[in-house]
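Those protein sequence lines, which keep their order, are chains A and B.
Counting in our numbering, the first sequence runs from 23 upward without gaps.
Counting in our numbering, the second sequence runs from 23 upward without gaps.
For glycine and all other residues, C-beta sits at the position ideal for the given N, C-alpha and C.
Number of protein chains: 2
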Amino acid sequence: MTVTIYDVARLAGVSLATVSRVVNGSTSVKPSTRRKVLKAIEDLGYRPNAVARGLASKKTTTIGVVLPDISSLFFAELARGIEDIANMYHYDIIISSSDQNRDKEIQLVNNLLEKQVDGLLFLGGQITDEHRQLFGSSSIPIVLVSSNDPQHKIPSVRIDQEQAAYDAVSFLVKKGHKRIALLTTKLHSHFSQLRLNGYIQALKDHDIAFDEDMVVEIPPVYQSALSTTTNMLKLMDAPTAIFTYNDEMGIAAIHAAQDIGKHVPDDVEVIGFNNTRISQWVRPMLTTVVQPMYDIGAVSMRLLTKLINNEETHTEIVLPHRIEVRQSTK
Amino acid sequence: MTVTIYDVARLAGVSLATVSRVVNGSTSVKPSTRRKVLKAIEDLGYRPNAVARGLASKKTTTIGVVLPDISSLFFAELARGIEDIANMYHYDIIISSSDQNRDKEIQLVNNLLEKQVDGLLFLGGQITDEHRQLFGSSSIPIVLVSSNDPQHKIPSVRIDQEQAAYDAVSFLVKKGHKRIALLTTKLHSHFSQLRLNGYIQALKDHDIAFDEDMVVEIPPVYQSALSTTTNMLKLMDAPTAIFTYNDEMGIAAIHAAQDIGKHVPDDVEVIGFNNTRISQWVRPMLTTVVQPMYDIGAVSMRLLTKLINNEETHTEIVLPHRIEVRQSTK
DNA sequence: ATGAAAGCGCTAACAC
DNA sequence: GTGTTAGCGCTTTCAT
Numbered sequence: 023m024t025v026t027i028y029d030v031a032r033l034a035g036v037s038l039a040t041v042s043r044v045v046n047g048s049t050s051v052k053p054s055t056r057r058k059v060l061k062a063i064e065d066l067g068y069r070p071n072a073v074a075r076g077l078a079s080k081k082t083t084t085i086g087v088v089l090p091d092i093s094s095l096f097f098a099e100l101a102r103g104i105e106d107i108a109n110m111y112h113y114d115i116i117i118s119s120s121d122q123n124r125d126k127e128i129q130l131v132n133n134l135l136e137k138q139v140d141g142l143l144f145l146g147g148q149i150t151d152e153h154r155q156l157f158g159s160s161s162i163p164i165v166l167v168s169s170n171d172p173q174h175k176i177p178s179v180r181i182d183q184e185q186a187a188y189d190a191v192s193f194l195v196k197k198g199h200k201r202i203a204l205l206t207t208k209l210h211s212h213f214s215q216l217r218l219n220g221y222i223q224a225l226k227d228h229d230i231a232f233d234e235d236m237v238v239e240i241p242p243v244y245q246s247a248l249s250t251t252t253n254m255l256k257l258m259d260a261p262t263a264i265f266t267y268n269d270e271m272g273i274a275a276i277h278a279a280q281d282i283g284k285h286v287p288d289d290v291e292v293i294g295f296n297n298t299r300i301s302q303w304v305r306p307m308l309t310t311v312v313q314p315m316y317d318i319g320a321v322s323m324r325l326l327t328k329l330i331n332n333e334e335t336h337t338e339i340v341l342p343h344r345i346e347v348r349q350s351t352k
Numbered sequence: 023m024t025v026t027i028y029d030v031a032r033l034a035g036v037s038l039a040t041v042s043r044v045v046n047g048s049t050s051v052k053p054s055t056r057r058k059v060l061k062a063i064e065d066l067g068y069r070p071n072a073v074a075r076g077l078a079s080k081k082t083t084t085i086g087v088v089l090p091d092i093s094s095l096f097f098a099e100l101a102r103g104i105e106d107i108a109n110m111y112h113y114d115i116i117i118s119s120s121d122q123n124r125d126k127e128i129q130l131v132n133n134l135l136e137k138q139v140d141g142l143l144f145l146g147g148q149i150t151d152e153h154r155q156l157f158g159s160s161s162i163p164i165v166l167v168s169s170n171d172p173q174h175k176i177p178s179v180r181i182d183q184e185q186a187a188y189d190a191v192s193f194l195v196k197k198g199h200k201r202i203a204l205l206t207t208k209l210h211s212h213f214s215q216l217r218l219n220g221y222i223q224a225l226k227d228h229d230i231a232f233d234e235d236m237v238v239e240i241p242p243v244y245q246s247a248l249s250t251t252t253n254m255l256k257l258m259d260a261p262t263a264i265f266t267y268n269d270e271m272g273i274a275a276i277h278a279a280q281d282i283g284k285h286v287p288d289d290v291e292v293i294g295f296n297n298t299r300i301s302q303w304v305r306p307m308l309t310t311v312v313q314p315m316y317d318i319g320a321v322s323m324r325l326l327t328k329l330i331n332n333e334e335t336h337t338e339i340v341l342p343h344r345i346e347v348r349q350s351t352k
């Protein structure tokens, strides 16, 4: 039925070992026998069995990726960065969506470890002790992507969320805004907490009183941002600027303003986050904090390959961010 | 170092086979010994090696997915449908992006076959003879997702592209439009060809002359749709309605119209395709042909599981489409 | 430069 | 209900 390395060896009149050598590109094979073997492989249509190879070599050339949701613009873009570099180093990637659910995250990681992946890329929200313990129990390298371990024990690649938020809010403050809304999500999460810190610090540094009514915690999607913003803008003390957790919400904020007859950026300025493609698919185009998603993915994967090969490397990488100014701010 | 099934057997005082039985949930194990084994597994922190299992059982519980680009909204959404059902049946998915490049497609499929995936989901453009031959050479089931084999030899799940285009154009014609632009891509591809056929047939059935200037072939992205539409709308004989290949282009068409002072839908009506989330993230919201991406993915994966288990099933599934009418049409 | 042989960790008959 | 044994298809010493 299936043709194995043994069949090739017999047809070529050599041993298993020799076939293995030419398949794996070993140098020490006489050109003439190499040719014989290649011919046999061709004739038989031999395809090496990666599972058998994996068992014997203890390497699967597969890496596992756990992320919240592959259908999200943000993670899909990031995944592409991962994939391209993985490909470059001849790794395949098994992608699994966790929906940020902790039990599912744990289960998915366990499953990937059973599959003997050579490394793991973890993109999630909170890193709990349970995560740390699980990661510790494995013998393969793991890198946290677009987030980090507050205890600085696990390798990671990310941007400085706090500084990024600080920069965005300062940008707004310098234009004279005093009532700046922060549309964010799940405040108990590490990520949102950092952004909030940056927001608060920026206000403080510019002597603006913090008003908790300006901070709203909602699901990070268009619809909730749309209705929330609509309500806020109808208030007596409406915000004059809005800083959102992502671009989808930023677009919603623009639309909310426009729907009730306000002008962006004259009546209200808006800054999004991430610089996903969609930030240019709205009028006025959305000013946003650039988080280099593709690069974060790519750098993470590159770091992982180094870790797998025990190469020297920094294990906490912070990529630069910046503000891309478009028309939703003056 | 790594704990194997053998270690568990020794600690529990049973044989390999018994451990294997409890791990795989076989019925014929005495409750008391099952408990002993479970305890040993717990104590040792045993994790079954899926690679070894795969080699012995000739099943990897992994399926391969080849798609054009995981960072695209359309394929990411579809991938999520695939993943959810895969998960339900305890399969993992290896995702690889082909960029619609034929050589890369072939290479990726070969690679996945080497990895001994239990089945393959292929989302691509053209199915060439080379594809057919490659698919035929494999012993695992393959299903074409969101496209089909003109020769009807390969299982597939999709919508009726031609009819969908026909419906959209007819919808426009019935409102009195005579100059309907078709913004499409790579006309030589099977997919675009079907859409064009539907477009032409709809015009013909309503006695409207076909004008080749109304059909433009461009990269299916925002920027090219934006500039192309801008140019078209400035023409003397500008179209009064636009039907685009996807929603991204539909949004671009709306913006192009607005940028030159035209009103949507009063001056020009626009219909997109796919009903991705973004079709609601624009003002006016985009009328679009609904292609149920998530469902296509889910149904494909379900079909694949049936094929893997040799169950009876239809092998060509056509899912329903419809037009979601929003504000970009009157 | 090439071959022989011992695993890699597990499943799946087949026996008891 | 449980144990024995023979592979699954390959890599990798160690000889030669």
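CB-CB length for residue i against residue j, believed under 8 Å
i, j, result
"Ile300 (chain B)", "Leu95 (chain B)", "7 Å"
"Val88 (chain B)", "Gly146 (chain B)", "7 Å"
"Leu325 (chain A)", "Ile85 (chain A)", "Not confirmed; about 12 Å, so no contact."
"Glu338 (chain A)", "Ser178 (chain A)", "6 Å"
"Gln215 (chain B)", "Pro287 (chain B)", "Actually they do not touch by this definition, with Cβ atoms about 28 Å apart."
"Met315 (chain A)", "Gly294 (chain A)", "Going by Cβ atoms, the distance from Met315 (chain A) to Gly294 (chain A) rounds to 13 Å, so no, they are not a contact pair."
For residue i, the nearest candidate out of the options (CA to CA)
i, options, result
"Leu341 (chain B)", "B:Val312, B:Lys256 and B:Val36", "B:Val312"
"Ile92 (chain B)", "B:Thr84, B:Arg102, B:Ala186 and B:Ile85", "B:Arg102"
"His210 (chain B)", "B:Ser160, B:Pro261, B:Ile202 and B:Ile240", "B:Ile240"
"His285 (chain A)", "A:Asn297, A:Arg305 and A:Phe213", "A:Arg305"
"Gly141 (chain B)", "B:Ala274, B:Ile115 and B:Pro53", "B:Ile115"
"Pro163 (chain A)", "A:Lys352, A:Leu329 and A:Val347", "A:Leu329"
"Ile318 (chain A)", "A:Glu105, A:Glu291 and A:Asp289", "A:Glu105"
"Val139 (chain B)", "B:Tyr113, B:Ser48, B:Ser322 and B:His199", "B:Tyr113"
"Val290 (chain A)", "A:Arg32, A:Ala203, A:His343 and A:Asn331", "A:Ala203"
"Ser160 (chain B)", "A:Gly67, A:Asp233 and A:Thr252", "A:Gly67"
"Ile128 (chain B)", "B:Asp151, B:Ile107, B:Ala186 and B:Met110", "B:Asp151"
"His199 (chain B)", "B:Arg180, B:Asp171, B:Leu143 and B:Ala260", "B:Ala260"
"Arg180 (chain B)", "B:Lys208, B:Phe144 and B:Phe193", "B:Phe144"
Proximity below 8 Å, CB of residue i to CB of residue j
i, j, result
"Gln223 (chain B)", "Tyr188 (chain B)", "yes"
"Ile149 (chain A)", "Leu135 (chain A)", "no"
"Arg154 (chain B)", "Lys175 (chain B)", "yes"
"His277 (chain A)", "Leu308 (chain A)", "no"
"Ser169 (chain B)", "His212 (chain B)", "yes"
"Pro70 (chain B)", "Val45 (chain B)", "yes"
"Ala275 (chain A)", "Thr298 (chain A)", "no"
"Glu184 (chain B)", "Asn133 (chain B)", "no"
"Thr206 (chain A)", "Val237 (chain A)", "yes"
"Arg43 (chain A)", "Val30 (chain A)", "no"
Endpoints, beta strand (DSSP E) assigned at residue i
i, result
"Val311 (chain A)", "Thr309 to Val312"
"Asp114 (chain B)", "Asp114 to Ser119"
"Gly86 (chain A)", "Thr84 to Leu89"
"Thr206 (chain B)", "Ile202 to Thr206"
"Thr266 (chain B)", "Ala263 to Thr266"
"Leu77 (chain B)", "Element bounds for Leu77 (chain B): not the beta strand (DSSP E) but the alpha helix (DSSP H), Ala72 to Ser79."
N- and C-terminal bounds of the alpha helix (DSSP H) containing residue i
i, result
"Asn133 (chain B)", "Arg124 to Glu136"
"Glu99 (chain A)", "Leu95 to Met110"
"Gly158 (chain B)", "Asp151 to Ser159"
"Ser42 (chain B)", "Leu38 to Val45"
"Arg217 (chain B)", "His212 to Asp227"
"Gly141 (chain B)", "No alpha helix (DSSP H) holds Gly141 (chain B); the beta strand (DSSP E) holding it covers Gly141 to Phe144."
"Gly294 (chain A)", "Element bounds for Gly294 (chain A): not the alpha helix (DSSP H) but the beta strand (DSSP E), Glu291 to Asn296."
Members of the stretch 273-287 of chain B near chain A, C-beta cut-off 7 Å: Residues of the stretch 273-287 of chain B with a C-beta atom less than 7 Å from some C-beta of chain A are Ile273, His277 and Gln280, listed in chain order.
Using a Cβ-Cβ cut-off of less than 7 Å, list which residues of the stretch 220-248 of chain A approach chain B; keep chain order. Identification of residues in the stretch 220-248 of chain A having a C-beta nearer than 7 Å to some C-beta of chain B yields Tyr244, given in sequence order.
Interfacial residues, the stretch 61-94 of chain A to chain B, with Cβ spacing under 8 Å: Taking 8 Å as the Cβ-Cβ cut-off against chain B, the residues of the stretch 61-94 of chain A that qualify are Gly67, Arg69, Pro70, Asn71, Ala72, Val73, Ala74, Gly76, Leu77, Thr82, Thr84, Asp91, Ile92, Ser93 and Ser94.
Using Cβ-Cβ distances below 8 Å, what residues of the stretch 119-132 of chain A are close to chain B? Contact annotation: in the stretch 119-132 of chain A, residues whose CB is within less than 8 Å of a CB in chain B are Ser119 and Asn132.
Tell me which residues of the stretch 322-340 of chain A have at least one Cβ-Cβ distance to chain B shorter than 8 Å, keeping chain order. Residues: none.
What are the residues of the stretch 132-144 of chain B that lie near chain A, defined by any Cβ-Cβ distance shorter than 9 Å? Cβ contacts with chain A: Asn132, Asn133, Leu134, Leu135, Glu136, Lys137 and Gln138.
Residues in the stretch 98-111 of chain B having any Cβ partner in chain A nearer than 7 Å: So the close ones are Ala98, Glu99, Ala101, Arg102 and Glu105.
Can you pull out the residues from the stretch 26-46 of chain B whose beta carbon lies closer than 8 Å to at least one beta carbon of chain A? Result list empty, no residue passes.
By the 9 Å beta-carbon criterion, what residues does the stretch 298-314 of chain B contribute toward chain A? Shown in chain order are the members of the stretch 298-314 of chain B whose Cβ falls below 9 Å from a Cβ of chain A: Arg299, Ile300, Gln302, Trp303, Val304 and Arg305.
When you check each C-beta in the stretch 258-270 of chain B against every C-beta of chain A, which residues fall closer than 8 Å? Of all residues in the stretch 258-270 of chain B, those with a C-beta nearer than 8 Å to a C-beta of chain A are Glu270, reading in chain order.
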